[in-house]
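Sequential numbering of the sequence shown, starting at -6, is according to our numbering. Quick reminder that beta carbons are idealized off the backbone N, C-alpha and C, glycines included. Please read the structure below before turning to the comments.
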Amino acid sequence: MTEDKPEQTETPYEYSFEFIQKKLEGKKDSFGMLMKEIVRTGICTECATCAAVCPVLEWDDLTAQPKLIGKCTGCGICYNQCPRTITDPYQLMGEFKTGYVSNTNIPEVIGGQDGGTVTSLLCYLFDEHLIDAAVVTMKDPSNPWHPVAQIITSKDDAIKSSGSIYSHSQTVEALMDAVRQDFRSIAFVGTPCNIDAVSKMFDSPTGMLKYFMRCHVLKIGLFCMDSFAPEAIYPFFEKEGIDLSKVQKMDINKGKFHLYYDPQGEPVKSYTIRQLDKFKSSSCNFCTDLTAENADISVGSVGSGANKNTVFARSGIGTEIMEDAAEKGYLKIEPFNAINLNAVLFLAKLKKVSQYTVRKRKVFIVRDADEKEEPRIETKPEVDQAGVKPPLGARKFLSVSKDLKETDQILNISLTNTIGFVLEDMKIRIVSVEELFEKKPWITTITELFPFETIEIGYPIDGEPGQPIRANVLVEASTEAFGKIFSRTLKIAPEE
Ligand SMILES: Cc1cc2nc3c(=O)[nH]c(=O)nc-3n(C[C@H](O)[C@H](O)[C@H](O)COP(=O)(O)OP(=O)(O)OC[C@H]3O[C@@H](n4cnc5c(N)ncnc54)[C@H](O)[C@@H]3O)c2cc1C
Ligand code: SF4
Ligand code: SF4
Ligand code: SF4
């Protein structure tokens, strides 16, 4: 007896839709992600491809957005057709020849940041005389947890340099010093942005290192999701009661930042990355490279489990070094399929799309200048009780510009955060100065001013309608953490 075949009612379109739905089953991409990453961030091109490919989506002309008209199965087809999403694995983590899960086989290196792969590679390279120097980043002995880029020339120093410091390190300065000192074969360890600088110095037509014929640099890149401004994050940790000189290890794992007094024990304090977001270096908001795509060898922890590293050997020489270091007993390596590639791709995607969410706010505020003045801003002394200068010294926090609309007698004052981290609870005081007397004081607090964000304030000033305006307006800004950070008198006078 033959089974009755169900009547074929599907169109080829419905058939292919279901076929791709099955292929994508279990993926995390969905309509929700399309809305979050592409539509709500404003990078949607309004091409309506998403609506064209899905039976439960239609294009809404009114909102210029895709709109659900039925039940979404979360298959992700719309996400995967959108021209703005990044879905190709190579787009997410660059080209590579071989992948490994690896960890050290050297007893002194156990207890490095993750698997100790970077340090073990440096040990191998020194022992085999494949390098005569390496550029690494160590802790500043006089300033706990501040990074200092160093040239090292021995295996012992390589072991001392293990561990991650989650802040920008000026590694290229050290590399140039090494080149000037005539080191010929240098291993360079750096974050993806450091690696990009070195790649450019070799590859671009005006690249500085292009002309150093005898200089060979092996680029060992670290995976990197973000780094933090030491001037901002360390005072925060100290305020939280953490003694930085006692901290032995910092570690970012599964969205949490941990600090350890004893690396083998429990963390003394842990924070979610979201809690520390305001201390993130602003450059990292614009960074799209998680896995050091231009390195010879890229090393990270995501995708490989505790005390191990995920490694991508990208160049021929990178692959040979990994294989030989394992063969000579410096590293234990497992093949590519031991990597949890989905974890790497997920994080890489988060990073590639993170820049879509960076938006600049422009706020226009006009307040009644007759408002009663709050108490004057308390400013912090230039030098604290211990005689120590504030960590930011003379760095400029704000840039201020003015624009006067004569018709409505409003002075527009733009304040831009010129420092790489969030300014919190910033008090702004604006006052007209007439013959040494202050009039019409106006004061407000801005809860958060993001890096390079501009806030525009409209300050009404007196003047006879139709007559040129002359005024002196004093603008002052201060924060709880840094005291007075800006004070300038803006002179308003008609153009002569
Ligand atoms: C700012 C930063 C962010 C990171 N974010 C992630 C992440 O999100 N996901 C992930 O999987 N891995 C991340 N890493 C990489 C991870 O912390 C380890 O460096 C990597 O897994 C190698 O581990 P390891 O055990 O081989 O390192 P080790 O053998 O301990 O060697 C670490 C090497 O890193 C160098 N180093 C330390 N700090 C810096 C620095 N600031 N700049 C340049 N070089 C430095 C040291 O000189 C040393 O050579 C990050 C690293 C940094 C520096
Ligand atoms: S496919 Fe992408 S870019 Fe095109 S309309 Fe849909 S969300 Fe926008
Ligand atoms: S059912 Fe439609 S809207 Fe939902 S994820 Fe699939 S393609 Fe996108
Ligand atoms: S996130 Fe990007 S810019 Fe920031 S430290 Fe890492 S590689 Fe550099």
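Kindly provide the chain-ordered list of residues whose Cβ lies closer than 6 Å to any non-hydrogen atom of ligand 2.
Here the residues come out as L27, I31, V32, C37, T38, E39, C40, A41, T42, C43, P59, C75, P76 and R77.
Rounded to a whole number of angstroms, what is the C-alpha to C-alpha distance between D396 and N405?
For the purposes of this step, residue 396 is taken as the residue at position 403 of the sequence shown. For the purposes of this step, residue 405 is taken as the residue at position 412 of the sequence shown. Going by the C-alpha atoms only, they are around 5 Å apart.
Which partner residues of Y264 appear in the DSSP bridge assignment?
Along the sequence shown, read from residue 1 onward, the residue named residue 264 stands at position 271. BP columns for Y264 point to F250.
Which stretch, first to last residue, makes up the alpha helix (DSSP H) that contains R463?
Working through the sequence shown from its first residue, we reach residue 463 at position 470. Taken as a continuous stretch (DSSP letters only), R463 belongs to no alpha helix (DSSP H), as it is neither H nor E.
Spell out the partners DSSP gives L211 in its beta bridges.
Residue numbering aside, residue 211 sits at position 218 when the sequence shown is read from its first letter. A180, per the DSSP bridge assignment.
Is the Cβ-Cβ distance between D282 and G311 less than 7 Å?
As a position in the sequence shown, residue 282 is number 289, starting the count at 1. As a position in the sequence shown, residue 311 is number 318, starting the count at 1. In this structure, G311 does not lie closer than 7 Å to D282 by Cβ.
Measure the alpha-carbon distance for D196 versus G183 and round it to whole angstroms.
As a position in the sequence shown, residue 196 is number 203, starting the count at 1. As a position in the sequence shown, residue 183 is number 190, starting the count at 1. Each residue's Cα considered, the two are about 18 Å apart.
Would you check if the segment 90 to 103 and the segment 313 to 329 touch, i.e. whether three or more CB-CB distances between them fall below 8 Å?
Yes, the segment 313 to 329 touches the segment 90 to 103.
Is it the case that the CB of T519 approaches a heavy atom of ligand 3 more closely than 6 Å?
Residue 519 lies beyond the residue range present for the chain, which begins at -6 and ends at 489; the question has no answer from this structure.
If you reduce the DSSP assignment to three classes, tell me which class V295 lands in.
Translated into the one-based positions of the sequence shown, residue 295 becomes position 302. Residue state, collapsed to three classes: coil.
Could you tell me whether the Cβ atoms of I124 and S178 are closer together than 7 Å?
Your numbering for residue 124 matches position 131 in the sequence shown. Your numbering for residue 178 matches position 185 in the sequence shown. A contact, by the Cβ cut-off of 7 Å.
Ignore the nearest five residues each way along the sequence and tell me which others in T409's own chain have a CB closer than 6 Å to its CB.
Locating residue 409 in the sequence shown gives position 416, counting from the first residue. Result list for T409: S392 and T447, in chain order.
What do you get for G296, buried or exposed, if any count of 16 or more other CB atoms within 10 angstroms of its CB means buried?
Counting from 1 along the sequence shown, the entry for residue 296 is found at position 303. Under this definition G296 is a buried residue.
For S192, which of helix, strand or coil comes out of DSSP?
Taking the first residue of the sequence shown as 1, we reach residue 192 at position 199. S192: helix per DSSP, three-state reduction.
If you follow the alpha helix (DSSP H) that N572 is in, where does it begin and where does it stop?
The chain is shown only over -6 to 489; residue 572 falls outside these bounds and no answer can be derived.
Compute the Euclidean distance between the alpha carbons of F272 and G108, then round it to the nearest angstrom.
Counted from its first residue, the sequence shown places residue 272 at position 279. Counted from its first residue, the sequence shown places residue 108 at position 115. Each residue's alpha carbon lies about 27 Å from the other.
Can you grab the Cα-Cα spacing for the pair N335 / E233, in whole Å?
In the sequence shown, residue 335 corresponds to position 342, counting from 1. In the sequence shown, residue 233 corresponds to position 240, counting from 1. Approximately 36 Å between the Cα atoms of the pair.
Helix, strand or coil, according to DSSP, for T372 in the structure here?
Along the sequence shown, read from residue 1 onward, the residue named residue 372 stands at position 379. Here the model assigns T372 a pLDDT of 34, short of 50, so the residue's position is not dependable, and the following value carries that caveat. DSSP places T372 in coil when its eight states are reduced to three.
Does the beta-carbon of P48 have 16 or more other beta-carbons within 10 angstroms, so that it is buried, or is it exposed?
As a working note, residue 48 is residue 55 in the sequence shown. Classification of P48: exposed, given that the 10 Å Cβ count is below 16.
Does the Cβ of P185 lie closer than 6 Å to at least one heavy atom of ligand 4?
Taking the sequence shown and counting its residues from 1, one reaches residue 185 at position 192. P185: yes, Cβ under 6 Å from ligand 4.
Taking C-beta to C-beta, are S160 and F216 nearer than 7 Å?
Working through the sequence shown from its first residue, we reach residue 160 at position 167. Working through the sequence shown from its first residue, we reach residue 216 at position 223. Contact flag unset, no.
State the Cα-Cα distance for the pair G386 and V129, rounded to the nearest angstrom.
Residue 386 sits at position 393 when you count from the first residue of the sequence shown. Residue 129 sits at position 136 when you count from the first residue of the sequence shown. Note that G386 scores 48 on pLDDT, short of 50, meaning its location in the model is unreliable; the coordinates nonetheless yield the value given after this. If you take the alpha carbons of G386 and V129, they lie about 27 Å apart.
Report the rounded CA-to-CA distance for L202 versus M194, giving the unit in angstroms.
The residue labelled residue 202 in the question sits at position 209 within the sequence shown. The residue labelled residue 194 in the question sits at position 201 within the sequence shown. Taking the straight line joining both Cα atoms gives about 5 Å.
Note the first and the last residue of the continuous beta strand (DSSP E) segment covering K432.
Residue 432 sits at position 439 when you count from the first residue of the sequence shown. Note, K432: beta strand (DSSP E), F430 to L442.
List the endpoints of the continuous alpha helix (DSSP H) containing Y93.
Here the question's residue 93 lines up with position 100 in the sequence shown. First-last for Y93: T91 to T97, but that is the beta strand (DSSP E), not the alpha helix (DSSP H).
Apart from the five residues just before and just after T164, which ones in its own chain have a Cβ nearer than 6 Å to its Cβ?
Taking the sequence shown and counting its residues from 1, one reaches residue 164 at position 171. Closer than 6 Å at Cβ, skipping near neighbours: V128, A142, G183 and N187.
Helix, strand or coil, according to DSSP, for D396 in the structure here?
On the sequence shown, position 403 is the one that residue 396 refers to. Strand.
Between the alpha carbons of Y452 and V426, how many angstroms are there, rounded?
For the purposes of this step, residue 452 is taken as residue 459 along the sequence shown, with counting starting at 1. For the purposes of this step, residue 426 is taken as residue 433 along the sequence shown, with counting starting at 1. The alpha-carbon atoms of Y452 and V426 are separated by roughly 13 Å.
Quick one: does the C-beta of Y111 sit closer than 6 Å to a heavy atom of ligand 1?
Sequence index remark: in the sequence shown, residue 111 carries index 118 (1-based). Checking the displayed sequence, the identity of residue 111 turns out to be Val instead of Tyr. Checking the Cβ of V111 against ligand 1 gives yes.
Mapping DSSP to helix, strand and coil, what is I31?
For the purposes of this step, residue 31 is taken as the residue at position 38 of the sequence shown. Here I31 sits in helix by DSSP.
For M28, collect the residues of the same chain with a Cβ closer than 6 Å to its Cβ; drop the 5 residues on either side in sequence, then sort them by chain order.
To locate residue 28, count along the sequence shown from 1; it is residue 35. Nothing listed; no residue qualifies.
Since V346 is in the alpha helix (DSSP H), which residue starts that stretch and which ends it?
Translated into positions along the sequence shown, residue 346 becomes position 353. That run of the alpha helix (DSSP H) goes L334 to S347.
Helix or strand or just coil, what does DSSP make of G451?
Reading the sequence shown from its first residue, position 458 is the one you call residue 451. Correct three-state label for G451: strand.
Could you give the DSSP three-state label for M218: helix, strand or coil?
Looking up residue 218 in the sequence shown gives position 225. Reduced to three states, the DSSP call for M218 is coil.
Kindly indicate the opening and closing residues of the alpha helix (DSSP H) around R307.
For the purposes of this step, residue 307 is taken as residue 314 along the sequence shown, with counting starting at 1. Run containing R307: none; DSSP gives neither H nor E here.
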